[in-house]
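Everything below concerns the one structure shown next.
There are 2 protein chains.
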Amino acid sequence: MKKIYNVAIVGLGQIGSYLYKEISSKKKEIQNKTGKIVNIVAISAKNKNKKRIFKVNKKIFFSNPLKIINDKKIDILFECIGLSDGISKKIVEKAIKKKVHVITPNKALIAKHGEHLSDLAVKNKVNLEFEASVGGGIPILRTIKEGLATNSIYKVYGILNGTCNYILSEMENTGSSFKNALMKAQNLGYAEPGNPKLDLNGYDTLAKVKILSALAFNKKISKSKCMMEGIENIESKDFDMAEQLNLRIKLLGVTEMINNQLFERVHPCLVKKNTYIANVSGVMNAVILEGKPVGESVLQGEGAGPGPTSSALMSDFLSVLRGNIKFPFGLPNNVRKKVKIYDDKNYINSLYLRFEVKDKPGVLSQITKHLAKYKISIQRLIQIPNNTNKKASIIIITHSVKENNSKKCLKSIISNKNIIKKPVLLRLF
Amino acid sequence: MKKIYNVAIVGLGQIGSYLYKEISSKKKEIQNKTGKIVNIVAISAKNKNKKRIFKVNKKIFFSNPLKIINDKKIDILFECIGLSDGISKKIVEKAIKKKVHVITPNKALIAKHGEHLSDLAVKNKVNLEFEASVGGGIPILRTIKEGLATNSIYKVYGILNGTCNYILSEMENTGSSFKNALMKAQNLGYAEPGNPKLDLNGYDTLAKVKILSALAFNKKISKSKCMMEGIENIESKDFDMAEQLNLRIKLLGVTEMINNQLFERVHPCLVKKNTYIANVSGVMNAVILEGKPVGESVLQGEGAGPGPTSSALMSDFLSVLRGNIKFPFGLPNNVRKKVKIYDDKNYINSLYLRFEVKDKPGVLSQITKHLAKYKISIQRLIQIPNNTNKKASIIIITHSVKENNSKKCLKSIISNKNIIKKPVLLRLF
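Line order of the protein sequences matches chains A and B. Residue numbering for the first sequence follows our numbering, beginning at 516 and increasing consecutively. Residue numbering for the second sequence follows our numbering, beginning at 516 and increasing consecutively.
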């Protein structure tokens, strides 16, 4: 059996650099646990001279990561570049074809190209591991594939984006505006300084949801579009209202099987304060699984940052070193079927709606009439005037309403000149 | 590579029977996930004719489980008999020596004989798997060994006994007495109908703590005695007091390394209501790990019952079928050193003390004087008279006090004739 493993790390941002230090400092422990000796023989990054938490050994530095696969004898590649396409996809493909095991935290890559890369890995008899792509330090994928193997899981949901959860917690606790909370998150390194859009609009969470669905339900990764809403429109007055209603606002990713059809969604939810999920605060992530026979399982942990992510990468690393060649999605790819998609127009749920309106006679009646037209019945209504600017907020909690009706209703109501801006819609969970 | 695996299940109580059904009904899924065909070729129980959830195939039934190892070609044995010694130990030893993989939910066996059996398993190159021994359906051992491999874990604590947690939740929510809550737990099948002592006095939790320590800290299982207190003395008035103080009572198992010394303990704790652990109710179990670089990780799930336990047994089963021969404790046994033990006399903590006293002049001053003698300083004191019987309860919250002092103090105070019964001591967490 092979004794010495050569390792390459491409991408030396926060995660790649932390990982480099982890591997370098834990060689002895790795050897104890796996019997294998590991050597980092190649590293690569855009900028050779950038200041990093470790001293770059220039002898093993490659400006072009693709050259590593050609020039060096590599056994395991860590892809820490990110993004679904471009160089990260290229190098992963190339490595697998050269029978190199690949470990990556890249959720965008796996959510988009996971099927193709998984086929390639199985064909070349190497591992493709991506524990770090979902839930940071929470070993959620391994738990589904191994710890809960043979359970029949029917629902998985949770808080999967630490940036959004931090911003929502901050807005709730301090009353800050979205903009200020985002700025604070960026200053603390929780949100991308340049373009945090993929975190905030729900895309990051959705990529994770797609990976979770594939694993939990033993299906192919779904390519279909699904409900995705971010947190950008939430304002502090929504938190005031939530507080009054004894609720909290959380961005949830949810995936479940309804009559054998897949229903994936990402959107902000109003959750009861005394529930478990409402009490996951700050940058924490949490995943809740419901299955048989295990019942409800909860996993919570730090969802982002180089420490937790490295923890997940290292667990993949040890798994590969122990020689466990495994199907990337826990099952042969031909057994994992395409999944039918649930038509989200049929989804029925209670809603929280906030309208910002001109404070003049008849406006409320216009709104309630409009809602009635779409068969949206009102459970609770609160109007808060803002006398200084002759505006008012109207908050409505609806009875259960069909997604299709609420969508149509909100779409057509925007043309009403008394409604000042796009209404805020939050779903009750 | 071996394709067909012969399986034996010894012990057909709730868990063994449920497992039998799970394996029988999931052969196809097991084959998909592992490529292996499994056959149950032998079963054993005390009583052949007892009514079970499946029809016993008498052709594969053995009255004497030890005969299975001699007479049948077995690859994997499930030991579901229970207890640390006697037949369960004998058959596990015998099986391992015959190069049969062993899977067991038996925490008493592993906590007591884990080192010996692990040596035996490594020597015979078979697996000894015991995921189901801790935390029911929570894949906590696999998470430590694999999902968090190479993390440096320094503390693990949690609610590890569903029976106790159910009783405490019930007493809190309904105001029932300990006796009534226990009876209800027994009626619902959560507590042993005959002798629930090992659950209630903390022994069951302690066995789990010992297994967790060995895995989390990469040390040998400690044989040393440690702090173990159960929930038998807690009364509904303690819940009333906890409520007033915005606290909740939980039986916690805790293990941590303090200056490289192991400190294991099991006792009821007062926890703040707004903490995570305070909100784990009913039969749920939860484990919290603190480590580097992962930070804090939480796992929660159903802690008992045949469903969750089978989920854990099946995860071990698939791991064995995938051919992952692993060190039972994640490391070669010779690397796992004996651990030094922390002297719990030095433990410093705030205490909740409840004295039941005769309501007559001077009693309170006797108690406070006695406490002062042992350098126990009082943070808060509440005296509640019971005028109907001329008794009173005195509840004291102390400042931090050394374990040694509080022990001596309570030991000597019992001789005071005005104190009617053994004082209740709960630790603030």
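Ideal Cβ placement from N, Cα and C applies to all residues, glycine included. Remember, predicted model here, so these are calculated numbers, not experimental data.
Rounded to whole angstroms, what is the Cα-Cα separation between residue i and residue j?
| i | j | result |
| --- | --- | --- |
| B:MET743 | B:GLY845 | 27 Å |
| B:ASN748 | B:LYS614 | 47 Å |
| A:LYS738 | B:GLY601 | 56 Å |
| B:SER684 | B:ARG895 | 25 Å |
| B:ILE568 | B:ASN688 | 34 Å |
| A:PRO823 | A:LEU656 | 14 Å |
| B:GLU888 | B:LYS923 | Here residue 888 of chain B is Lys; the residue named in the question, Glu, does not match the sequence. Their backbone Cα atoms lie some 11 Å apart in a straight line. |
| B:ASN572 | B:SER559 | 11 Å |
| A:ASN579 | B:SER826 | 46 Å |
| B:VAL553 | B:GLN546 | 8 Å |
| B:ASN774 | B:ARG780 | 16 Å |
| A:LEU943 | A:LYS536 | 44 Å |
| A:GLY677 | B:LYS905 | 57 Å |
| A:LYS890 | A:ASP753 | 24 Å |
| A:VAL798 | B:ASN716 | 38 Å |
| A:GLY877 | A:ASN931 | 12 Å |
| B:HIS621 | B:VAL637 | Sequence check: residue 621 of chain B is Asn here, not His. Rounded to whole angstroms, B:ASN621 to B:VAL637 spans 19 Å at the Cα level. |
| B:LYS725 | B:THR913 | 29 Å |
| A:ALA523 | A:HIS631 | 22 Å |
| A:ASP714 | A:THR720 | 7 Å |
| B:LYS926 | B:ASP858 | 19 Å |
| A:THR549 | A:ASP590 | 15 Å |
State the CB to CB distance for the pair residue i and residue j, rounded to an integer number of angstroms; the pair is presumed to be in contact (CB under 8 Å).
| i | j | result |
| --- | --- | --- |
| A:GLY650 | A:LEU675 | 7 Å |
| B:ILE611 | B:SER603 | Wrong, their Cβ atoms sit about 13 Å apart, outside the cutoff. |
| B:PRO783 | B:LEU868 | Their Cβ separation, rounded to whole angstroms, is 13 Å, which puts B:PRO783 and B:LEU868 out of contact at 8 Å. |
| A:ILE530 | A:GLY629 | With 8 Å as the limit, A:ILE530 and A:GLY629 do not qualify as a contact, their Cβ atoms being about 19 Å apart. |
| A:LYS873 | A:ILE928 | That pair is no contact at about 14 Å. |
| B:GLU594 | B:ASP831 | Not confirmed; about 12 Å, so no contact. |
| B:THR770 | B:LEU814 | B:THR770 to B:LEU814, Cβ: 15 Å. No contact. |
| A:LEU762 | A:LYS788 | 6 Å |
| A:ASN680 | A:VAL795 | 7 Å |
| A:LEU879 | A:GLN898 | 6 Å |
| B:ILE863 | B:VAL916 | 7 Å |
| B:VAL556 | B:ASN585 | 14 Å between Cβ atoms; not a contact. |
| A:VAL525 | A:ILE583 | 7 Å |
Determine, for residue i, whether the minimum Cβ-Cβ distance to residues of chain B falls below 7 Å.
| i | result |
| --- | --- |
| A:ARG657 | yes |
| A:SER830 | yes |
| A:THR689 | no |
| A:GLU758 | no |
| A:ASN761 | no |
| A:LEU833 | yes |
| A:LYS855 | no |
| A:ASN839 | yes |
| A:LEU809 | Residue 809 of chain A is actually Val in this sequence, not Leu. Yes, its Cβ sits closer than 7 Å to a Cβ of chain B. |
| A:LEU846 | yes |
Mind checking who residue i pairs with in its DSSP beta bridge?
| i | result |
| --- | --- |
| A:HIS616 | A:ILE591 |
| A:LEU941 | A:TYR867 |
| A:ARG567 | A:ARG567 is not bridged to any residue. |
| A:THR770 | A:VAL671, A:GLU779 |
| B:ILE912 | B:TYR867, B:ARG895 |
| A:ILE524 | A:ILE558, A:PHE593 |
| B:ASN680 | Note: B:ASN680 sits in no beta bridge, so no partner. |
| B:ALA907 | B:VAL872, B:PRO900 |
| B:LYS917 | B:ILE863 |
| B:ARG657 | Looking at the DSSP assignment, B:ARG657 forms no beta bridge with any residue, so it has no partner. |
| A:ILE606 | In DSSP, A:ILE606 forms no bridge with anything. |
| A:LEU663 | None, per the DSSP bridge assignment. |
| A:PHE576 | A:ILE558 |
Examine chain A for any beta-carbon lying closer than 7 Å to the beta-carbon of residue i, and answer yes or no.
| i | result |
| --- | --- |
| B:SER930 | no |
| B:VAL786 | no |
| B:GLN815 | yes |
| B:PRO843 | no |
| B:SER790 | Here the sequence assigns Thr to residue 790 of chain B, which means Ser is not the residue at that position. Not closer than 7 Å to any Cβ of chain A, the Cβ of B:THR790 fails to qualify, so no. |
Quick check: does the Cβ of residue i come within less than 6 Å of any heavy atom belonging to the ligand ADP?
| i | result |
| --- | --- |
| B:ASN775 | Because no ligand of any kind appears in the structure shown, any question about the ligand ADP cannot be addressed here. |
Task: Length at least 4, wholly inside the stretch 784-858 of chain B: the alpha helix (DSSP H) runs in chain order - done: Runs of the alpha helix (DSSP H) lying entirely within the stretch 784-858 of chain B, each at least 4 residues long, are 821-836 in chain order.
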